[in-house]
Amino acid sequence: MSKHILMVIGLVAASVVPASAETLSLKVMGQPAGSGLIANNKEKPFFENLAANTGIDVAVAYSPVDVTGIPDSDGLRVLKSGLFDIVSIRGPQVSRDEPSVLGLDLVGLNTTFAAGRKNTDAFKNYVDGRIQEQFNAKLLGVWPAGPQVIFCKPEITGLDDLKGLKVRVGDQSAANFIAGLGATGVPMPFGEVQQSLSRGVVDCAITGPASANAAGWPEATTTVLPLALQLAINGYAINLDTWKKMTADDQSKLEGAVTALVDEIWAYSEELYDDSMRCNTGVEPCEQGKPYSLKEVPVLDSDIAVVAKAVGEKSLPVWAEQCNAMSPNCEAEWRATIGKNLGL
C-alpha cells in the first residue's frame with residue numbers, strides 16, 4: 003500500500019460521520035478542491051446530500067483528494083485498499099495503473115462533447131470489467147472535465163511554436179503527442195502547475211479552461227490555443243465489498259442518482275467551457291469565472307488536421323502496446339467498440 007495512503011488512514015477514520023447500525027456509512031474521495039466548478043458546484047453537493055438525493059439511509063464523509071494528502075494518481079489503489087468506499091477517479095492520472103482508462107480519451111479521439119459521449123459509452127464496459135478484476139471496484143459512470151487546451155507563457159501562434167518548449171501534460175497519451183511536436187511533456191500534479199508556469203519550470207500547460215480559470219493559470223500565461231486535444235474523462239467508482247453490502251434497492255438508487263449526476267456534468271461541462279473561454283480572454287458575458295485578458299490564438303486548419311491524425315498515427319499505437327501488455331485483449335476490444343465507430 004502507498005505510504006501516502008497509510009498516512010491518511012487516521013485522518014479519514016477521524017472524519018467518518020457517526021451513524022447508527024442501520025445507516026450506511028460511506029467515505030468518498032473527490033476531485034481536488036481547487037480544480038474548478040464541477041467539483042465544487044456538482045460533485046461535492048451531490049455526495050454531501052446523498053441521502054436526500056437517493057433516499058438511501060446513508061451518512062457520507064466527503065474529502066477532496068488534495069485535502070487527504072493522497073496523490074490523485076492513487077485513486078484506483080485507494081479503492082482496492084478499501085480506505086475510501088467511493089472515489090472520483092481522475093482518469094488521466096490513474097491510467098498509469100490501469101491503461102484501459104486512457105483508451106476512453108486518447109489524444110485526437112474526443113475533440114467534441116458529442117464524440118466524447120459516443121466513444122466513452124462504447125468502451126466504458128470494458129474499463130469497468132478491468133477495474134472490477136484488478137481493483138475490486140465497480141465503475142458507476144464517466145464524465146468530462148472539458149476540452150483540454152493549451153495555455154502558454156510565451157506567445158504562440160499554433161502547434162509548431164511548441165517545439166523546444168516544456169509542456170505540462172496530464173497523461174501519457176498527451177506526453178507522446180507533445181513529444182511528436184518536438185516539445186517536452188512534463189507530468190505534474192494540477193496543484194503545482196500555476197506556480198511552475200510563473201517560475202518558468204514549464205512554458206505551457208494543458209487543461210480545461212474552467213480548471214485553468216479556477217486555478218489562476220491566466221495570471222501566469224499570455225496565450226490560450228483553444229484546440230481540443232482530449233476531454234479529460236473522469237469517473238466514479240465504488241469498492242465492490244461496499245457495493246455487495248448494499249441492498250439491491252439501494253444499489254439501484256445509487257446507480258440511478260450517479261447516472262443523473264453524470265448526465266448533468268456532461269451538460270454543465272460544455273456550458274462551463276464556453277463561459278470560461280470568454281472569462282479567460284476578457285469577453286462578456288463572463289458569469290461563472292474570473293475575468294482575465296489572455297490572447298486567444300485562432301486555430302489553424304493544419305493544427306486541426308494534426309490532432310485528427312494523432313489517434314491512428316500516434317495515440318492508438320503507443321497506447322495499445324501499453325494496454326495489451328497488461329491485458330492482451332485490450333486493443334482488440336477498443337477496435338471492436340470505439341475503433342469500429344471510427345473505422346480503425
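Each residue of the sequence shown is one higher than the last, beginning at 3 in the numbering used here.
Cβ coordinates follow ideal geometry from the N, Cα and C atoms, glycine included.
Predicted model only: the values in this text are computed from it and were never measured.
For residue j and residue i, believed in contact at Cβ under 8 Å, the rounded distance
i, j, result
"residue 88", "residue 306", "Incorrect: roughly 38 Å between the Cβ atoms, too far for contact."
"residue 110", "residue 313", "4 Å"
"residue 185", "residue 167", "5 Å"
"residue 318", "residue 346", "7 Å"
"residue 151", "residue 106", "Between residue 106 and residue 151 the Cβ distance is about 19 Å, and since that is not below 8 Å, they are no contact."
"residue 94", "residue 210", "At roughly 11 Å, the Cβ-Cβ gap does not stay under 8 Å, so residue 94 and residue 210 are not in contact."
"residue 340", "residue 124", "5 Å"
"residue 68", "residue 35", "6 Å"
"residue 85", "residue 60", "Wrong, their Cβ atoms sit about 18 Å apart, outside the cutoff."
"residue 113", "residue 299", "No, residue 113 and residue 299 are not in contact; Cβ-Cβ is about 17 Å, not under 8 Å."
"residue 263", "residue 44", "7 Å"
"residue 146", "residue 271", "5 Å"
For residue i, the residue or residues it bridges with in DSSP
i, result
"residue 126", "According to DSSP, which records beta bridges pairwise, residue 126 is partnered with nothing at all."
"residue 286", "Beta-bridge pairing links residue 286 to no other residue."
"residue 31", "65, 89"
"residue 139", "241"
"residue 145", "236"
"residue 26", "60"
"residue 297", "225"
"residue 152", "208, 227"
Same chain, Cβ closer than 6 Å to residue i, five either side skipped, listed in chain order
i, result
"residue 198", "204"
"residue 138", "82, 242"
"residue 333", "322, 326"
"residue 278", "211, 212, 215, 291"
"residue 248", "none"
Residues of its chain near residue i, where Cβ-Cβ distance is below 7 Å and the 5 sequence neighbours each way are ignored
i, result
"residue 64", "30, 32, 46, 49, 50"
"residue 136", "100"
"residue 161", "183, 305, 308"
"residue 96", "75, 77, 78, 103"
"residue 328", "101"
"residue 141", "126, 129, 130, 133, 237, 239"
Sequence-distant residues of its chain with Cβ nearer than 8 Å to residue i (five each side left out)
i, result
"residue 57", "255"
"residue 320", "174, 175, 178"
"residue 221", "196, 200, 294"
"residue 169", "152, 180, 185, 186, 187, 188, 204, 205, 206, 207, 208"
Which of helix, strand or coil DSSP assigns to residue i
i, result
"residue 333", "helix"
"residue 103", "helix"
"residue 320", "helix"
"residue 38", "coil"
"residue 328", "helix"
"residue 292", "coil"
"residue 308", "helix"
"residue 110", "coil"
"residue 346", "coil"
"residue 249", "coil"
"residue 97", "coil"
"residue 274", "helix"
"residue 256", "helix"
Min CB distance residue i to chain D below 8 Å
i, result
"residue 194", "Of the protein chains in the structure, only one exists, and it is not chain D."
What residue ranges within the segment 42 to 94 form continuous alpha helix (DSSP H) runs of no fewer than 4 residues, ordered along the chain?
-> Correct list: 46 to 50, 52 to 56, 67 to 70, 77 to 83.
Just list the beta strand (DSSP E) runs in the segment 155 to 241, keeping only unbroken ones of 3 residues or longer that don't cross its boundaries, in chain order.
-> 168 to 171, 186 to 189, 206 to 209, 225 to 227, 235 to 241
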